[in-house]
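Residue numbers (our numbering): 3 to 64. Notes to accompany the following structure.
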């Protein structure tokens, strides 16, 4: 099995930051709605995946 290490893309971090800012901005009015909860879940998954990819890229263990 081949193993490769891919550098996390800068736009990945930018998208995560942008989504986080949007979630924080609309938290007061949308928190608890199914759409908000789904977006928050997507944010968390993307954030964790990017952190894991960065850790692997920097030579750590994921």
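Quick reminder that beta carbons are idealized off the backbone N, C-alpha and C, glycines included.
Pairwise C-alpha distance: residue j and residue i
i	j	result
residue 35	residue 25	12 Å
residue 51	residue 23	18 Å
residue 16	residue 42	16 Å
residue 18	residue 38	15 Å
residue 29	residue 21	12 Å
residue 14	residue 46	13 Å
Three-state secondary structure assigned by DSSP to residue i
i	result
residue 33	coil
beta-carbon residue i near the ligand COA non-hydrogen atom, thresh 7 Å
i	result
residue 29	The model on display carries no ligand, and the ligand COA is accordingly not part of it.
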